[in-house]
Structure formats: structure tokens, C-alpha cells
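Undergrad:
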Amino acid sequence: MSYPANRPDRTRPTDAAAGIETTEAFERFSQRNDVFTRAMWDPSVRSKQTDAFFASYRMEAAPRRGDGFTQRDFALRNAAWLISDVVTNRFAAEGRREGFQAPISYDTPVAPQQVAIDDPAAMSAEIKRVARFFGADLCGVTELDERWHYTARVDTRDMSEAPLGLPNGLTSVIVLGHEMERDLVATYPSALAGAATGREYSHEAAVVMQLAAYIRNLGYEAVASMNDTGLVIPYAVKAGLGEYARNQMVITPEFGPRLRFSKVFTNLPLAHDVPRPRGVRAFCDICTACADACPVKALPYGPPSDVAPNVSAIQGVRKWTSDAEKCFGFWAKLASDCAICMRVCPFNRDYARRRNRLWLRLALSPLRHLALRLARGHGKRRKPAEWWAGT
5 MSYPANRPDR TRPTDAAAGI ETTEAFERFS QRNDVFTRAM WDPSVRSKQT DAFFASYRME
65 AAPRRGDGFT QRDFALRNAA WLISDVVTNR FAAEGRREGF QAPISYDTPV APQQVAIDDP
125 AAMSAEIKRV ARFFGADLCG VTELDERWHY TARVDTRDMS EAPLGLPNGL TSVIVLGHEM
185 ERDLVATYPS ALAGAATGRE YSHEAAVVMQ LAAYIRNLGY EAVASMNDTG LVIPYAVKAG
245 LGEYARNQMV ITPEFGPRLR FSKVFTNLPL AHDVPRPRGV RAFCDICTAC ADACPVKALP
305 YGPPSDVAPN VSAIQGVRKW TSDAEKCFGF WAKLASDCAI CMRVCPFNRD YARRRNRLWL
365 RLALSPLRHL ALRLARGHGK RRKPAEWWAG T
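To convert a position in the sequence shown, counted from 1, into the numbering used here, add 4.
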């Protein structure tokens, strides 16, 4: 059994606009080294706490005193994850945790007759309209780039590597953005806030599967994908949806960092979007709000670097890189996810409000230092009880 080369062509023409810089040390990432997957097999990461963390998303949560960690907080979080869990568990007995360690299986066949596509640009516009109809908040299209694909998928029966199983001839990646509820994000860290994450995973599972089914009904291959198969952040940046930031997230002009992303791999003829650098990198160069707020100091200070703190980071890409082991260790202690870095990010704003749109213009301009001063104190934690009270 052969696997794709671990060192494909190192650069692409649009890398510079996307802010992507690879070095001679570049290697494709093995998903087996993702910190969540390592917590299933690597004794240096796996512990009673990490096992309890995963179990808490079922009926084994341990509610405790503290606003945001009561039984109803865990109940809402776990209910929010339900649809995603149903999809993920469908073929777990066969070693495929779809959407996380394996792509999502076809639920509909590829139609035997293809709809003729004479105008890829018009087809891209159609796909974006259909994506919005199904519930995606953002949609962009970019070229398929094997650099960002995992070297293999993970067979969760024994945590061994297996082929990704993508069809031959795929050419494009459709990237979908799904907004997380701002008021829930404001309550991080809490089990309640985890409902914002879970709701979007459940939403994106439905959206990405429906969009893929639409494309297959047109007669083309379409593989629905969530956290599986490849790294979504470089695809989102290449698709023009936003820019990479110090907090390891994609900053979008519509929602800041407050999104989850999914993707569809396809051979449908589509016009590709281009990266849209607007100035986020320059702002992050002078802002350390996320690194300052991280309880375990997992986020970096200083300029981007190609030094990976451990095997749970891709090698040979010059960027801001978190220490995933420290980050996930804190999650395990909480028994819930943490996104303090998202909450405190100055770009985490309601851009329906004019004053926030004006702030964004400042932040992306040479007046970014003024914007940073105006953002002092931004992103304070909201009490989870206030969310329940609707205040």
C-alpha cells in the first residue's frame, strides 16, 4: 500500500498573498499527531483527565459548582453536539470517525449524467448561493492543494494509519464558514460556551453533507469534510475568506475569528477565489491580547516562526504556532473547550454595528496603533448566568 509523498511541491503562486511561507523543512502533517488524536493513543498526552474530557460529551459529565459548569450548562453543550456526534459515530465500528478522523461517506451516489458546465465562474456563484441556502454564513472556493492534506487518515479501531480515500481527479475545495453565537462565545471558558462550538459542528455537518449531495446530483464527485482529511485554515485563507492571526484562527471581515470551517472536495468545474490580505498580520504584529489572556501561555509572542513546539504542529511553515499540548491540557482540566483567545481578540465584534465597522477600518489601516489602544479592555468575560437570563 503506497501513500502520497510527504513533500509535495513546496510553494504555489498565491502563497505570498495568503501569507503562507514554507521552508525546506516542510512536511505534510500526520493526523495521527493531532493532539486530539494523540489523546487517544499517546501516553504522553492521554490521561485520566483527557479520557474524562471526551466522556463528558456523552452522559458522563461531572457538573460542579461554578457559573457555567452546572448540569444544564453541560446539558446544552452536549445537546448542541448531538447531530455532529450522530454523523461521527455512524461508522465508528469500522474505524471511521467521520468528520474528525475520516471524511464523510457518500449518502447519495454520483449521478451517471453530468450537467454541462460552460461557465465555471457562474457555477461558483451558484454553489455559493446553494451554500447560503443550506445555512453556511461564508463560502469561498480555492484550488486543491495536497500540501494541506494529512498523510493518511486514522483507523480509530487501532489508531493505525489508512489511506485518505479521496477520489482521483479532484480539483477544487469549497470552504464554508459557520458563525458561532457571539453571546455564548463571551462566556468562555465555560461548559455553556462549548454549546457555541457544538452547535456549529452540528450545523456544518448538515450543511456540508447537503452541499456535497447537491454536487453529486449534478454528476460530479463531492467529498464532505469537517476536521478530517486536511487542514482547513490554509484553504480558508486561500479561498479569500480571511487572514491568519496570532491566535491560530482565521480573522474574517464579517465575524472576526468567531467561526468554524468545513469543506467539500470536488471535481465540479469552478472558478477560484483569491486571497484577500487586508492588514490583519500587521495588526497581530503589535497585538498580544490572545497570548496575554491564555491561562497556560500556549500562544506565541514575537514574530511568526517555523519552529514547531511539538509533533502536534506542522513542520516547515513559518507562522504563529500554539503549543497544542498545553492548550489541550487546559481543556482537559476544564472538562470543556476553551476559546478565551477568541473571546478577547479585538476582531471579535458585532460588525452589524457601525462603530465596530469603523474600528475595523482603523485596525486594518496605518492607524492600527490607535485601534489597538481603543481595544483595551475588549472581550471581558460575560457571566454564563446572564446568558440564561437573556440579559
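Where is the CB? At the ideal position from N, CA and C, for every residue including glycine.
Quick caveat: nothing in here was measured; it's all calculated off a predicted structure.
(1) Pull up the distance between the alpha-carbon of A166 and that of G381, whole angstroms please.
(2) Taking DSSP's pairing of strands, which residues face H153 in a bridge?
(3) Verify whether the separation of the beta carbon atoms of M63 and A275 is less than 9 angstroms.
(4) Would you tell me roughly how many angstroms separate the C-alpha atoms of V134 and R101, rounded to the nearest one?
(5) Closer than 8 angstroms is the cut-off here; do at least three beta carbon pairs connect the stretch 107-119 with the stretch 210-217?
(6) Measuring alpha carbon to alpha carbon, tell me which of A317, L374 and I87 ends up nearest A29.
(7) Can you tell me where the beta strand (DSSP E) with G181 in it begins and where it stops?
(8) Residue ranges of each beta strand (DSSP E) run of no fewer than 3 residues wholly in the stretch 40-85, ordered along the chain?
(9) Since S206 is in the alpha helix (DSSP H), which residue starts that stretch and which ends it?
(10) Find out if the Cβ-Cβ distance for the pair C398, C298 is shorter than 9 angstroms.
(11) When you compare the CB positions of S60 and A339, do they come within less than 9 angstroms of one another, or not?
(12) Quick test of the definition: if touching needs 3 or more C-beta pairs under 8 angstroms, does the stretch 79-88 touch the stretch 192-212?
(13) Have a look at S229 and T92 and give me their C-alpha separation to the nearest angstrom.
(14) To the nearest angstrom, how far is it from the Cα of G169 to the Cα of K52?
(15) Please classify R361: is it buried, with 16 or more other beta-carbons within 10 angstroms of its beta-carbon, or exposed?
(16) For F33, which of helix, strand or coil comes out of DSSP?
(17) Run through DSSP, which three-state label would S309 get?
(18) Secondary structure at E28, three-state DSSP: helix, strand or coil?
(19) Which same chain residues end up closer than 7 angstroms to D38 when comparing Cβ atoms and leaving out the 5 residues on each side of it in sequence?
(20) Taking the alpha-carbon of W152 as reference, which of D289, E225 and G234 has the nearest alpha-carbon?
(21) Cutting at 7 angstroms between CB atoms, please list the residues of its own chain near K323, excluding the five before and the five after it.
(22) Taking the CB atoms as reference points, tell me whether E187 and W391 lie closer together than 9 angstroms.
(23) Along the chain, where does the beta strand (DSSP E) that runs through E147 open and close?
TA: So, from the listed chains and residues:
(1) 47 angstroms
(2) G234.
(3) no
(4) In this structure, the straight-line span from the alpha carbon of V134 to that of R101 is close to 27 angstroms.
(5) Taking a cut-off of 8 angstroms for Cβ pairs, the stretch 107-119 and the stretch 210-217 touch, as three or more such pairs fall below it.
(6) Comparing Cα positions, the closest option is A317.
(7) S176 to E183
(8) none
(9) Residue range G198 to N221 is occupied by the alpha helix (DSSP H) that includes S206.
(10) Any property of residue 398 remains undetermined from this structure, which presents the chain solely from 5 to 395.
(11) yes
(12) In short, these stretches touch, since the Cβ pair count reaches three.
(13) 11 angstroms
(14) Each residue's Cα considered, the two are about 33 angstroms apart.
(15) exposed
(16) coil
(17) strand
(18) In the displayed model, E28 falls within coil according to three-state DSSP, outside both helix and strand.
(19) S316
(20) G234
(21) For K323, where only same-chain residues beyond five positions count, the Cβ hits under 7 angstroms are Y248 and P308.
(22) The displayed chain sequence assigns Asp, not Glu, to residue 187. Cβ atoms of D187 and W391: closer than 9 angstroms.
(23) It spans L142 to E147 - the beta strand (DSSP E) in which E147 sits, taken as one unbroken run.
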